[in-house]
Amino acid sequence: MAIEGLEKGLGLTPLGQTHTIRRVRICRYLTKDNRVCIGLAKGDDALIDLSSSGIESITALLESGDAAKRLAGLGELTEIPLSDVTLLSPIEVQEVWAAGVTYLRSKDARMEESDFSATAYDRVYDAPRPELFFKSFPKKVVACGEPVGIRTDAQWSVPEPELVLMMNSSGNIAGYAVGNDMSSRDIEGENLLYLPQAKVYHRSCAVGPWVRVGATEAEAREWDISMQIGRNGETVFEGAVSVNQIKRSFGGLRDFMFQSQVFPFGCALLTGTGIVPDDDFTLEEGDTIRIEISGIGCLHNPVVRV
Ligand code: DO4
Ligand code: MG
Numbered sequence: 000m001a002i003e004g005l006e007k008g009l010g011l012t013p014l015g016q017t018h019t020i021r022r023v024r025i026c027r028y029l030t031k032d033n034r035v036c037i038g039l040a041k042g043d044d045a046l047i048d049l050s051s052s053g054i055e056s057i058t059a060l061l062e063s064g065d066a067a068k069r070l071a072g073l074g075e076l077t078e079i080p081l082s083d084v085t086l087l088s089p090i091e092v093q094e095v096w097a098a099g100v101t102y103l104r105s106k107d108a109r110m111e112e113s114d115f116s117a118t119a120y121d122r123v124y125d126a127p128r129p130e131l132f133f134k135s136f137p138k139k140v141v142a143c144g145e146p147v148g149i150r151t152d153a154q155w156s157v158p159e160p161e162l163v164l165m166m167n168s169s170g171n172i173a174g175y176a177v178g179n180d181m182s183s184r185d186i187e188g189e190n191l192l193y194l195p196q197a198k199v200y201h202r203s204c205a206v207g208p209w210v211r212v213g214a215t216e217a218e219a220r221e222w223d224i225s226m227q228i229g230r231n232g233e234t235v236f237e238g239a240v241s242v243n244q245i246k247r248s249f250g251g252l253r254d255f256m257f258q259s260q261v262f263p264f265g266c267a268l269l270t271g272t273g274i275v276p277d278d279d280f281t282l283e284e285g286d287t288i289r290i291e292i293s294g295i296g297c298l299h300n301p302v303v304r305v
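Under our numbering, the first residue of the sequence shown carries the number 0, and numbering increases by one thereafter.
Encoded structure:
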């Protein structure tokens, strides 16, 4: 298929040499013959194979500076039905980090869950320096459709639906993804020093399947994040928040991530949750979590005990 047709399908408008790009989403996928390829979404049920045009990784595309423009300049490409592939996590080699207490809802919920750490959440919400913590080694990130985990030694587990900033090695926010920062609230609430155990365990981080490129922070702030949790065919929780409720600027989060730090392959940053189920809710094995960000797409995972 030629790029002209692609542009129409993707909502790209040719304007002489430049293009106005509205919704360009890339992904990593596995073919039926087990090849890992890079794809560009065409509508809701097809992909354009980018590997045949020499694009072999999402990392290289994000490093290129303007991924969306590079995609708009491609020639003849092959189209494949989405049903013919398995979508993989878009995190190839990037460290995954997370920001915390960036929404008022998260600060309030955490102050309630903890006796003696309450002032820590209160202070960080207003402090110039954000809370940033390491979340996942890239190869451990769970893909869309794969199970996320709840700890065997936790009694109170929740998903945290979060916008993910995909940053390249220069610190440019080159894309956005959907993420889930799975958390054990009882372990975090018992003592803030247990945060790494509450946050970093087997299957505790899911990202994907899409990376939206070519969107500004102002555009991303118009998106909504919504989450639904299903159990035995019923919806047991649903909630939504506007990305614009996030207290900190994306550039400010990026600046602290790159302060006295290097990410040779870039990094992914989950930007905090603004959706917290009521205190009597805990995830159970067999639940299904569906997280949608309006400008990006949907991440869905079943839950297992790990
Ligand atoms: O302070 C603990 C973690 C906060 C967090 O993960 C969030 O607000 O999303
Ligand atoms: Mg979180």
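C-beta atoms are modelled at their ideal positions from N, C-alpha and C, and glycine is treated no differently.
Take every Cβ of the segment 175 to 182, pair it with every Cβ of the segment 200 to 208, and state whether three or more of those distances are shorter than 8 Å.
Taking 8 Å as the limit for Cβ pairs, the verdict is that the segment 200 to 208 does touch the segment 175 to 182.
Using the DSSP secondary-structure output, state which residues sit across from D48 in a beta bridge.
Locating residue 48 in the sequence shown gives position 49, counting from the first residue. D48 is bridged by DSSP to G38, T77.
beta-carbon E187 near ligand 1 non-hydrogen atom, thresh 7 Å
Indexing the sequence shown from 1 puts residue 187 at position 188. At least one heavy atom of ligand 1 is found less than 7 Å from the C-beta of E187.
Tell me whether the beta-carbon of L151 lies closer than 8 Å to the beta-carbon of R304.
Sequence index remark: in the sequence shown, residue 151 carries index 152 (1-based). Sequence index remark: in the sequence shown, residue 304 carries index 305 (1-based). The identity of residue 151 in the sequence shown is Thr, whereas the question assumes Leu. For T151 and R304, yes; Cβs fall inside 8 Å.
Cutting at 8 Å between CB atoms, please list the residues of its own chain near E218, excluding the five before and the five after it.
The residue given as residue 218 occupies position 219 in the sequence shown. G294, listed in sequence order.
Taking 7 Å as the cut-off, does the CB of E159 come closer than this to any heavy atom belonging to ligand 1?
The count along the sequence shown starts at 1 and reaches residue 159 at position 160. True, at least one ligand heavy atom lies under 7 Å from that Cβ.
Is T101 helix, strand or coil when you go by DSSP?
Position 102 of the sequence shown holds residue 101. Three-state DSSP puts T101 in coil, outside helix and strand.
With a threshold of 7 Å (Cβ to nearest heavy atom), would G238 be considered close to ligand 2?
Locating residue 238 in the sequence shown gives position 239, where the first residue counts as 1. No.
Rounded separation between S135 and G232 - CA only:
The sequence position of residue 135 within the sequence shown is 136, counting from 1. The sequence position of residue 232 within the sequence shown is 233, counting from 1. In a straight line, the C-alpha of S135 is about 31 Å away from that of G232.
As assigned by DSSP and simplified to three states, the class of P301:
Walking along the sequence shown from the start, residue 301 turns up at place 302. The answer is strand: DSSP assigns P301 an E or B state.
Taking all protein chains shown into account, decide if A126 is buried (16 or more other Cβ within 10 angstroms of its Cβ) or exposed.
Walking along the sequence shown from the start, residue 126 turns up at place 127. A126 is exposed by the Cβ-count criterion.
Could you pull out every residue in the same chain whose Cβ sits closer than 6 Å to the Cβ of A239, ignoring the five residues on either side in sequence?
In the sequence shown, counting from the first residue as 1, residue 239 sits at position 240. Same-chain partners within the cutoff: D223, S225.
Local Cβ density within 10 Å of G296, reported as buried at 16 or more and exposed below that:
On the sequence shown, position 297 is the one that residue 296 refers to. So G296 ends up on the buried side.
In whole angstroms, what is the alpha-carbon distance linking Q244 and Q227?
For the purposes of this step, residue 244 is taken as the residue at position 245 of the sequence shown. For the purposes of this step, residue 227 is taken as the residue at position 228 of the sequence shown. In this structure, the alpha-carbon of Q244 lies about 19 Å from that of Q227.
Within 10 angstroms of its Cβ, does R128 collect 16 or more other Cβ (buried), or is it exposed?
Stepping through the sequence shown from its first residue, residue 128 is reached at position 129. It is exposed - the Cβ of R128 has fewer than 16 other Cβ atoms within 10 Å.
Would you call Q93 buried or exposed, if buried means 16 or more other Cβ atoms sit within 10 Å of its Cβ?
Within the sequence shown, residue 93 is the residue found at index 94, counting from 1. Q93 is buried by the Cβ-count criterion.
Could you name the residues that DSSP lists as bridge partners for V157?
Taking the sequence shown and counting its residues from 1, one reaches residue 157 at position 158. V157 is bridged to S182.
Tell me whether F255 sits in a helix, a strand or coil according to DSSP, three-state version.
The residue you call residue 255 lines up with position 256 of the sequence shown. In this structure, F255 counts as helix in the three-state DSSP scheme.
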